[in-house]
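Accompanying notes for the structure given below.
In my numbering, the protein residues as written are 29 to 605.
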């Protein structure tokens, strides 16, 4: 319209100045100029605007444009579908404007046709060359499926697929976060495991084992208290962070016992252990808390009468002691800190010493004498026991060779540990020793406990049989303390049967116990075995055990374990020079 007014003004001026004869060419020139301006500016601008509209109409993103006053000046088709209500558009704009930022990108939840969707919202303020606000636009991209996939992926990365509990890594992260958020709340760190779970899988299959694990996970989920974190750490090991006020030890034990119901008619007893650590320092690393409960679980792993144990500092002291024993062992062995001791064995008929059992004592340079009960079990567990046994066997062989030269006719019995069968060729070791020191194998007796060979009876029995054929006598120590003694008597032909008098002290019914001992002695005689009774402490025991038919006695009634020198001095073993 402005162009038409301008053209009319120019034509009027031309008519007044030039007259009618010049009006037409001038008017044509003006029209040509105006037409050129329209073709160069107006038409391309309109075409450009139409093209932008056509492009934004077809894209899958929602685009809304606002003027500087917040009024909607443009909505593409997707925006009309998602933000059909202009009031909703205005509300979204107001939400972004409150951030007081020129641009912002963030996820937005919007209900579209009754379905919740997630959009990536891009907000921009538009300014002219003088930085004056001229408008705003809002673009929305639907990222619902990507968000769901992200959530699903996060769930898979944080969750144990079998039980639905947190996996190891995420459990520790969440537990640490919970402790950090509420450091003043008293809490327990609880750890559980199923004893001998590998045996369950071996007997009933891994699918059945998985069902048991899922059952235990459901039990843990029942502790649905605020702030409780639960996770599967590995295999059959579960952990839980729970507020102290929410933990009931009696209920926890009952819940673990209920898992037994899942076994149905299957005659197998599940033993589930729980270890509890009371958190006194919320800044402590949760991995350290887990290690402490693991220590407590390990301490009761062989005690089937105990289901729940609370961790205390004694467990850590025990661990430190074990580490010290193992780390000090090699140096102690090489510096002759270990010494062979002998406890005499007395014949019931002769009343004289007929031999001795070789024992070991640790004479530490700083700590003095360390009793075997403190280091032997640790060395057995760590696998170092075979080195100590080899040392004692060598010392015993040397002493037998010395006695042989001096005309002393005594035997020495040495102990064989379970690990010796795996680390050593026992047949070669003992036959080489008797050959090296030129001693009789009948004087070099070999003691084993029934628990030593229970795990592999056939293989171990074969080794012992070869040693018997080479002239060694095999003694079964601690008879009756295990679970398969009679079965071993059938499969293992030992020469000597040792019975510990602790068998009597462990029961109040001594009369019944004596009858059992008498029956064992008679059984041994039928099998042509020599009977040794150890742990004898009174003359009364010597008298009635002699009447029962016991052959040899060993115990404090006769003597405590002695050093080799003390042993010889006490029993006047001068011998022939």
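Note that CB positions come from ideal geometry on N, CA and C, so glycine has one too.
Given the structure is predicted, the values throughout are model-derived calculations rather than measurements.
Pull up the CB-CB distance for residue 485 and residue 519, whole angstroms please, since I reckon it's below 8 Å. 6 Å
Please tell me whether residue 501 and residue 373 are closer than 7 Å, where the distance is taken between their beta carbons. no
Buried or exposed (CB count within 10 angstroms, at least 16 for buried), residue 284: buried
What residue range does the alpha helix (DSSP H) around residue 342 cover? 341-362
State the DSSP-derived secondary structure class of residue 59, mapped to helix, strand or coil. Model confidence at residue 59 stands at a pLDDT of 47, short of 50, so the residue's coordinates are unreliable and nothing is read from them.
Do residue 546 and residue 504 come within 7 Å of each other at the CB atom, strictly closer than that value? no
Pair within 7 Å by beta-carbon distance, residue 272 and residue 216: yes
With respect to the beta strand (DSSP E) encompassing residue 244, which residues constitute its N-terminal and C-terminal limits? Note, residue 244: premise wrong, no beta strand (DSSP E); alpha helix (DSSP H) at 234-249.
Taking the continuous beta strand (DSSP E) assigned at residue 135, which residues delimit it? 131-140
Alpha carbon to alpha carbon, what distance is there between residue 482 and residue 260? 33 Å
Does the segment 162-175 come within contact of the segment 94-113, defined as at least 3 CB pairs closer than 8 Å? yes
Just confirm the distance between the C-beta atoms of residue 152 and residue 131, as a whole number of angstroms; I'd bet it's less than 8 Å. Their Cβ separation, rounded to whole angstroms, is 5 Å, which keeps residue 152 and residue 131 in contact under 8 Å.
Can you name the start and end residues of the alpha helix (DSSP H) that residue 198 belongs to? 196-209
Could you give the residue range of the beta strand (DSSP E) that holds residue 367? 366-375
To the nearest angstrom, report how far apart residue 542 and residue 409 are at their CA atoms. 34 Å
Going by alpha carbons, who is nearest to residue 116 out of 308, 137, 129, 133? Here the closest residue by C-alpha is 137.
Residues near residue 202 by beta carbon distance below 7 Å, same chain, minus five either side: 194, 257
Within 10 angstroms of the Cβ of residue 392, are there 16 or more other Cβ atoms? Answer buried if so, exposed if not. exposed
Closest by C-alpha distance to residue 421, when choosing among 375, 459, 262: 459
Where residue 291 sits in the DSSP three-state scheme: helix
Is residue 572 buried or exposed, if buried means 16 or more other CB atoms sit within 10 Å of its CB? By the C-beta density criterion, residue 572 is exposed, having fewer than 16 other C-beta atoms within 10 angstroms.
One or two residues paired with residue 268 in a DSSP bridge: 218, 258.
Just confirm the distance between the C-beta atoms of residue 464 and residue 439, as a whole number of angstroms; I'd bet it's less than 8 Å. No, residue 464 and residue 439 are not in contact; Cβ-Cβ is about 18 Å, not under 8 Å.
Buried or exposed: which applies to residue 589, given that a residue is buried once 16 or more other Cβ atoms fall within 10 Å of its Cβ? It counts as buried.
Spatially closest choice to residue 175 from 158, 198, 188, 148, by CA coordinates: 148
For residue 564, does the three-state DSSP call read helix, strand or coil? For residue 564, the three-state secondary structure derived from DSSP is coil.
Close-in-space but distant-in-sequence residues of the same chain around residue 353 (CB under 6 Å, 5 per side omitted): Excluding sequence neighbours, residue 353 sits near 403, 406.
Tell me the rounded alpha-carbon separation between residue 237 and residue 225. Residue 237 and residue 225 have their C-alpha atoms some 8 Å from each other.
Is any beta-carbon of chain C found at less than 7 Å from that of residue 386? Here there is only one protein chain, and chain C is not present.
Per DSSP, what kind of secondary structure is residue 451 in: helix, strand or coil? helix
So, for residue 587: in the same chain, excluding its five sequence neighbours on each side, which residues have a beta-carbon less than 6 Å away from its beta-carbon? Within the same chain, residue 587 has close Cβ partners 372.
Does DSSP put residue 160 in a helix, a strand or coil? coil
Hey, out of 144, 447, 471, 400, whose CA is closest to residue 424's CA? 471
Rounded to whole angstroms, how far is the Cβ of residue 490 from the Cβ of residue 466, which I believe are closer than 8 Å? Under the criterion of beta carbons closer than 8 Å, residue 490 and residue 466 do not qualify as touching, at roughly 27 Å.
Could you pull out every residue in the same chain whose Cβ sits closer than 6 Å to the Cβ of residue 192, ignoring the five residues on either side in sequence? none
Alpha carbon to alpha carbon, how far is residue 592 from residue 578? 26 Å
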